[in-house]
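K.L.:
Sequence lines, in order, name chains H and D. Going letter by letter, the first sequence gives residues 1 to 321 in the working numbering. Going letter by letter, the second sequence gives residues 1 to 321 in the working numbering.
Number of protein chains: 2
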Amino acid sequence: MTTTPRPYCEDFPRRVQIVEVGTRDGFQAVEGWIPTATKAGILKGLITAGLRHFEATSFVSPRAVPQLRDGAALLAELGAPKGVMLSALVPNLRGAEAAIAAGVGAMVVFVSASESHNLKNLNRSRAESLAALAEVRTRAAGAGVPVQGAIATAFGCPFEGDVPVAAVLEIARAYHAMGIRRLTLGDTTGMATPPLVRERVQALDAALPDMEIALHFHNTRGVGLANVMAGLEAGVWIYESSVAGLGGCPFAPGATGNICTEDLVYLLHECGVETGVDLEALCAVAREVERVIGRPLPGQVMKAGPRLQTADMDSVRTACG
Amino acid sequence: MTTTPRPYCEDFPRRVQIVEVGTRDGFQAVEGWIPTATKAGILKGLITAGLRHFEATSFVSPRAVPQLRDGAALLAELGAPKGVMLSALVPNLRGAEAAIAAGVGAMVVFVSASESHNLKNLNRSRAESLAALAEVRTRAAGAGVPVQGAIATAFGCPFEGDVPVAAVLEIARAYHAMGIRRLTLGDTTGMATPPLVRERVQALDAALPDMEIALHFHNTRGVGLANVMAGLEAGVWIYESSVAGLGGCPFAPGATGNICTEDLVYLLHECGVETGVDLEALCAVAREVERVIGRPLPGQVMKAGPRLQTADMDSVRTACG
Chain H
1 MTTTPRPYCE DFPRRVQIVE VGTRDGFQAV EGWIPTATKA GILKGLITAG
51 LRHFEATSFV SPRAVPQLRD GAALLAELGA PKGVMLSALV PNLRGAEAAI
101 AAGVGAMVVF VSASESHNLK NLNRSRAESL AALAEVRTRA AGAGVPVQGA
151 IATAFGCPFE GDVPVAAVLE IARAYHAMGI RRLTLGDTTG MATPPLVRER
201 VQALDAALPD MEIALHFHNT RGVGLANVMA GLEAGVWIYE SSVAGLGGCP
251 FAPGATGNIC TEDLVYLLHE CGVETGVDLE ALCAVAREVE RVIGRPLPGQ
301 VMKAGPRLQT ADMDSVRTAC G
Chain D
1 MTTTPRPYCE DFPRRVQIVE VGTRDGFQAV EGWIPTATKA GILKGLITAG
51 LRHFEATSFV SPRAVPQLRD GAALLAELGA PKGVMLSALV PNLRGAEAAI
101 AAGVGAMVVF VSASESHNLK NLNRSRAESL AALAEVRTRA AGAGVPVQGA
151 IATAFGCPFE GDVPVAAVLE IARAYHAMGI RRLTLGDTTG MATPPLVRER
201 VQALDAALPD MEIALHFHNT RGVGLANVMA GLEAGVWIYE SSVAGLGGCP
251 FAPGATGNIC TEDLVYLLHE CGVETGVDLE ALCAVAREVE RVIGRPLPGQ
301 VMKAGPRLQT ADMDSVRTAC G
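1) If the cut-off is 8 Å on Cβ atoms, which residues from the stretch 207-235 of chain D count as contacting chain H, listed in chain order?
2) Counting only the same chain and skipping the five closest in sequence on each side, list residues whose C-beta sits under 8 Å from that of D:P13.
3) Using the beta-carbon count (16 or more within 10 Å), is H:N123 buried or exposed?
4) Answer yes or no: do H:D162 and D:L279 have a C-beta to C-beta separation smaller than 8 Å?
5) Please tell me whether H:C283 has its Cβ less than 8 Å away from any Cβ of chain D.
6) What first and last residue would you give for the alpha helix (DSSP H) that runs through H:R198?
7) Return the residue from the list D:Q300, D:A230 and D:A172 that minimises the CA-CA distance to D:R181.
8) Check the Cβ of D:V277 against every Cβ in chain H and list those closer than 9 Å, keeping chain order.
9) Buried or exposed, going by whether 16 or more other CB atoms sit within 10 Å of the CB of H:V289?
10) When you check each C-beta in the stretch 159-188 of chain D against every C-beta of chain H, which residues fall closer than 9 Å?
11) When you compare only the Cα positions, how much space is there between H:A230 and H:M107?
12) Please confirm whether D:V19 has its beta-carbon closer than 8 Å to some beta-carbon of chain H.
13) Using a Cβ cut-off of 8 Å (strictly closer), state whether D:K39 contacts chain H.
14) In whole angstroms, give me the CA-to-CA distance for D:A132 and D:N118.
15) From the DSSP output, in three-state form, read off H:I47 for me.
16) Is the number of C-beta pairs between the stretch 280-287 of chain D and the stretch 262-269 of chain D that are closer than 8 Å three or more?
17) The beta strand (DSSP E) with D:G186 in it runs from where to where?
18) Can you give me the start and stop residues for the alpha helix (DSSP H) that D:V301 sits inside?
19) Distance, Cα to Cα, D:G71 vs D:R291?
20) Exposed or buried, what is D:M1 when buried is set at 16 or more other beta-carbons lying within 10 Å of its beta-carbon?
21) Going along the chain, which residues of its own chain have a beta-carbon closer than 8 Å to the beta-carbon of D:A167, five neighbours each way excluded?
22) Beta-carbon within less than 7 Å of H:D210's beta-carbon, same chain only, minus the 5 sequence neighbours each way: which residues are those?
23) Give a yes or no on whether the minimum CB-CB distance between H:A392 and chain D is below 8 Å.
24) Candidates H:A134, H:F27 and H:R295: which alpha carbon is nearest H:M178's?
25) Tell me the rounded alpha-carbon separation between H:H269 and H:C9.
26) Give the DSSP-derived three-state secondary structure of H:T3 in the structure shown.
27) Leaving out five residues before and five after D:P194 in sequence, what residues of the same chain have Cβ atoms less than 8 Å from its Cβ?
28) Which value, in whole angstroms, describes the spacing of the CA atoms of D:V21 and D:R63?
29) Which residue comes first and which comes last in the alpha helix (DSSP H) that contains D:Y175?
30) Roughly how far, in whole angstroms, is the beta-carbon of H:S87 from the beta-carbon of H:G105, given that I think they are within contact range, below 8 Å?
31) Have a look at D:G321 and D:V277 and give me their C-alpha separation to the nearest angstrom.
32) Can you name the residues of chain H whose CB is closer than 9 Å to the CB of D:S129?
33) Given D:G248, which residues of its chain have a CB within under 8 Å of its CB, disregarding the five upstream and five downstream residues?
34) Applying a beta-carbon distance threshold of less than 8 Å, which residues of chain H neighbour D:V273?
35) Looking at the structure shown, is D:E274 part of a helix, part of a strand, or coil, going by DSSP?
36) Check whether the Cβ of H:D263 lies closer than 8 Å to any Cβ atom in chain D.
Take a look at the structure:
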């Protein structure tokens, strides 16, 4: 495996936690039905590869997201693997009850930073969403289930354009007031840029120093891993990504979705940042995911292999220039 | 167009020179024949979009690279657009004569940092290559044509694995001794990483402070733009890229080739670095290149649009989560 004697940047975290979201954010957009056993097999493969944190599914309306209607069955199939956190996205109290009944490890609640996106996505205002999420948080606390908060469109809105940092701070403060101490900034349609990452992380660190920040980037405009570099420089040590780069975006046909887990792990390892993940085992799972989906997925390292996998000189017609 | 009030990083260059290599490094790998007029049309579109520096073609054996056998006709078709530098890759004295006769603006000569790659690519040792290139340089100087030096496999070799920085320095010194003052580090098979970028640029700056450095990354392992971030931090202000992400790598079927010009321009503009390029006009050319090639190309921004291109709320079925 690749080893780097020293970190690229002394300010980078020494170790990063990766939250795999492929079976949620990736599979929710897939047409056709992926059997629960297939989903569970992929998650088990990822656990064997060393991943420990998953947003495994969601408990939303099966009409809205039919692909994830087997959330409870999936969690049952997985059991409670030692040292593994299986969380699920939950939009409301009904979803929370289902998640609790299914034995979820943590719940992720969400609201958009932009009013238009929240209205389009959830058919309610941000204030209405936050009021409902406070009930979810109370119910979850009663059941002993931790709640994490996510902010969609945290770096820009496909309807409104730029999203003020104040809108992000306002929701973060509302989450904080509910007792939530872990916050994901969601780059829903791939509008994050390095300056926005730095600005938002610094503002949150200053306003809410005890809030742990996770970054969830989409590679819709090709700069997902450049944004990770900016996040690392800002000290963020939790990143959400999707195996094989599963996922997409309804606003950009043909564009990619989440940043790719194995490409992220490759970058981190090469920069001297530990992840606990075995890159080659992860790439094998990514190739399996590509077979399941049945079309080429965006991940690059699964195709090219790790950088020190050398070729036989007779195996290629010409070297490239 | 997107504007950023301040640079992401004070240490970044304020302005970057982009060298478009798509019609050379991209087209050389394309099957079938692209007519000279089509190539010229693409280059003219890129000039209209604000690009000023091109590695437009190569003067190599038409048997080895049939796609670029029209180098002289292409340069004749383009004429000498004001303020535009049209360079060409030249492997030997015969190529140099052809390039001079065709009125090339500059020649790019190349040798690999690894002996195995040079043997495979050129069927001669690095020492033999450098001796031949010294003759090219002398001939070019006699004709008043500037010569730039490129080092292939500068970040790793597909046959040997890691390439010592000393091997890169040795070739850079040989180029310097020939009077060459512009050096491109070629990431031939996508093995560059941020620590390697920093290490190699710092070593070259220390050893040869009057050598201008350009970086030529491939996105084979998904980290091309993260490497650009490392290059910017190291002060490098010349980057080579390919419109629409044209190109590939014979060692990694399905993997991408050069970093994509419009994604690079997008990242730079968002980081407050000027390029002189009109991103929307560039994306229009990239989409035209995709039509010419007839299959999806890796560029993301041409598919997703600039980040502030907002959507009508009624135009999408669901917002993404």
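Glycine included, every Cβ here is placed at the ideal spot set by N, Cα and C. This structure is a prediction, so every number in the text was calculated from the model and none was measured.
P.N.:
The relevant details are as follows:
1) Only those residues of the stretch 207-235 of chain D whose C-beta falls short of 8 Å from the nearest C-beta of chain H are listed: N219, T220, R221, G222, V223, L225, A226, V228, M229 and A230.
2) Excluding positions up to five away in sequence, the list reads L232, G235, V236, W237 and V273.
3) Flag for H:N123 reads exposed.
4) Not closer than 8 Å, so no.
5) No, because no Cβ of chain D sits closer than 8 Å to the Cβ of H:C283.
6) Bounds of the alpha helix (DSSP H) holding H:R198 are P194 to A207.
7) Taking only the C-alpha atoms, the option nearest D:R181 is D:A172.
8) Within 9 Å Cβ-Cβ: nothing; D:V277 doesn't reach chain H, min ~15 Å.
9) The residue in question, H:V289, is buried, as its Cβ has 16 or more Cβ neighbours within 10 Å.
10) Against chain H - using a Cβ distance shorter than 9 Å - the residues of the stretch 159-188 of chain D are F159, E160, G161, D162, G186 and T188.
11) Answer to the nearest angstrom: the Cα atoms are 27 Å apart.
12) With 8 Å as the cut-off, D:V19 does not count as an interface residue toward chain H.
13) For D:K39, the answer is no, since every Cβ of chain H falls outside 8 Å of its Cβ.
14) Cα to Cα, the separation comes out at about 13 Å.
15) Correct three-state label for H:I47: helix.
16) For the pair of segments examined, the stretch 280-287 of chain D was found to touch the stretch 262-269 of chain D: the number of CB pairs separated by less than 8 Å reaches three.
17) For D:G186, the enclosing beta strand (DSSP E) covers residues R182 to G186.
18) Per DSSP, D:V301 belongs to the alpha helix (DSSP H) from V301 to A304.
19) Straight-line Cα distance between these residues: approximately 22 Å.
20) The predicted model places D:M1 with a pLDDT of 44, which falls under 50 and marks its position as unreliable, so this point remains unresolved.
21) Closer than 8 Å at Cβ, skipping near neighbours: A113 and S114.
22) Same-chain partners within the cutoff: R181.
23) Outside the shown range of chain H, which is 1 to 321, sits residue 392 of chain H, and nothing can be said about it.
24) Checking every option, the nearest Cα to that of H:M178 belongs to H:A134.
25) Here the C-alpha atom of H:H269 lies approximately 12 Å from the C-alpha atom of H:C9.
26) The pLDDT assigned to H:T3 is 49, lower than 50, so where the model puts this residue is not dependable, and the model offers no usable value.
27) Closer than 8 Å at the Cβ level, and outside the excluded window around D:P194, lie V223, A226, N227, M229 and A230.
28) Taken atom to atom, the span from the alpha-carbon of D:V21 to that of D:R63 is near 21 Å.
29) For D:Y175, the uninterrupted alpha helix (DSSP H) run begins and ends at V165 to A177, by DSSP.
30) Rounded, the Cβ-Cβ distance is 6 Å, consistent with contact.
31) A caution first: D:G321 carries a pLDDT of 47, below 50, which makes its placement in the model unreliable, though a value can still be read off. Their backbone Cα atoms lie some 33 Å apart in a straight line.
32) Near D:S129 there are no residues of chain H at all, since even the closest Cβ is about 13 Å away, more than 9 Å.
33) Excluding residues within five positions, the ones whose Cβ falls inside 8 Å are A29, A255, T256 and G257.
34) Ordered by position in chain H, no residue passes the 8 Å Cβ test against D:V273, which lies about 11 Å from the chain.
35) In the structure shown, D:E274 falls within a strand segment according to DSSP collapsed to helix, strand and coil.
36) Yes, its Cβ sits closer than 8 Å to a Cβ of chain D.
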